[in-house]
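First up is the structure itself, then whatever we jot down about it.
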Amino acid sequence: MSRWILRGLKKGIITSRFPKNEPETISPWSTLPVYMKNSYKGCPTDAIHNNEVDLRRCISCGRCSSSFSPSLNVNNSIILRSERYLKKSLKIYVLDAGSCGACNTELHALSNPFYDMNRLGIFFVNTPKQADALFVIGVLSEQMKRVVKEAYDIMAEPKLVFAMGACPASGNILGSSLSGILDADVIIGGCPPDPFVILNAIMNARGDVS
Ligand code: SF4
Ligand code: SF4
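Numbering-wise, the working numbering puts 95 at position 95 of the sequence shown, and it's gapless, one number per residue.
Here it is, written out as structure tokens:
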């Protein structure tokens, strides 16, 4: 935060110019495998098949890379369905179904002056009744499966479902994934995803980028 304040005092503007410009920062944990050994057999989440990384399973642990370094791929998401009606304003309801707290932190960061998601017409709301998009984070316990379904059912059409992070995308080793409860329209890879990855996924899903 102090870095942003100093930068703001110096330059007058602290907000990122993304998506117009490339992301200026990268979270140290926003890592993707940069090089995979053919012989590597130790992925803890079984995310590597034919030297391809399954974004739904990868927890960005870095064990598959011999020269591992943080690398940001803003396209670390899978868009299965988009909704152009939501282009001007997207209201997001976040449902924490059992996260470790890191995905929440990245979502919170979207509201700070650096990422400033409001400038892109993206807002958080406190009830699924007002939401256009349901963000599910965390692994799903039996009790939370019912809650997720109920939240989805009371949302008005058109609506989108985002499975954010490896937890809802794959169950993250031990838990339950979102599949079987709801069909995700967007799967955001990462554990947790970088805020720029989240912003990019949202803009793609509502058709900002054709
Ligand atoms: S979880 Fe991801 S980073 Fe870790 S070994 Fe598997 S593919 Fe590589
Ligand atoms: S995807 Fe990773 S960072 Fe996000 S809640 Fe699950 S364990 Fe935590």
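The beta-carbon is built from N, C-alpha and C at its ideal position, and this holds for glycine as well.
Given the structure is predicted, the values throughout are model-derived calculations rather than measurements.
Distance between residue j and residue i (C-alpha atoms, nearest Å)
i, j, result
"Thr105", "Ser27", "12 Å"
"Asn200", "Val74", "6 Å"
"Ala256", "Ile187", "The structure shown does not extend to residue 256, since the chain spans only 1 to 210, so no value can be given for it."
"Leu80", "Ala205", "8 Å"
"Pro193", "Leu55", "11 Å"
"Thr127", "Lys91", "10 Å"
"Asp208", "Gln130", "21 Å"
"Lys10", "Arg17", "16 Å"
"Val148", "Glu142", "10 Å"
"Gly101", "Phe196", "18 Å"
"Leu107", "Leu6", "23 Å"
"Pro19", "Cys43", "33 Å"
"Asn172", "Ser77", "16 Å"
"Thr25", "Glu150", "37 Å"
Run of the alpha helix (DSSP H) containing residue i, from where it starts to where it stops
i, result
"Lys91", "Premise fails: Lys91 lies in the beta strand (DSSP E), Leu90 to Asp96, not in any alpha helix (DSSP H)."
"Ala169", "Ala166 to Ser170"
"Phe135", "Counting along the chain, Phe135 falls outside any alpha helix (DSSP H), though it belongs to the beta strand (DSSP E) covering Ala133 to Ile137."
"Asn204", "Pro195 to Ala205"
"Val74", "Here Val74 belongs to no alpha helix (DSSP H), and DSSP marks it neither H nor E."
"Arg119", "No alpha helix (DSSP H) contains Arg119, which DSSP labels as neither H nor E."
"Asn104", "Ala102 to Ala109"
"Asp153", "Glu142 to Asp153"
Proximity of residue i and residue j at Cβ, strictly below 8 Å
i, j, result
"Ala97", "Ile137", "yes"
"Ala163", "Leu178", "yes"
"Ile15", "Arg119", "According to the sequence as given, residue 15 is Thr; it is not Ile. In this structure, Arg119 lies closer than 8 Å to Thr15 by Cβ."
"Ile122", "Ile202", "yes"
"Tyr152", "Val161", "yes"
"Leu86", "Asp132", "yes"
"Val53", "Tyr93", "no"
Residue i: first and last residue of the uninterrupted beta strand (DSSP E) it sits in
i, result
"Phe123", "Ile122 to Phe124"
"Val186", "Val186 to Ile188"
"Ile78", "Ser77 to Ile79"
Distance between beta carbons of residue j and residue i, contact taken as under 8 Å
i, j, result
"Phe135", "Leu182", "12 Å between Cβ atoms; not a contact."
"Gly175", "Cys58", "Their Cβ separation, rounded to whole angstroms, is 16 Å, which puts Gly175 and Cys58 out of contact at 8 Å."
"Ser71", "Cys191", "In fact, because the Cβ distance is near 14 Å, the residues do not count as touching under 8 Å."
Stretch pair the segment 151-160 + the segment 43-50: three plus CB contacts closer than 8 Å | no
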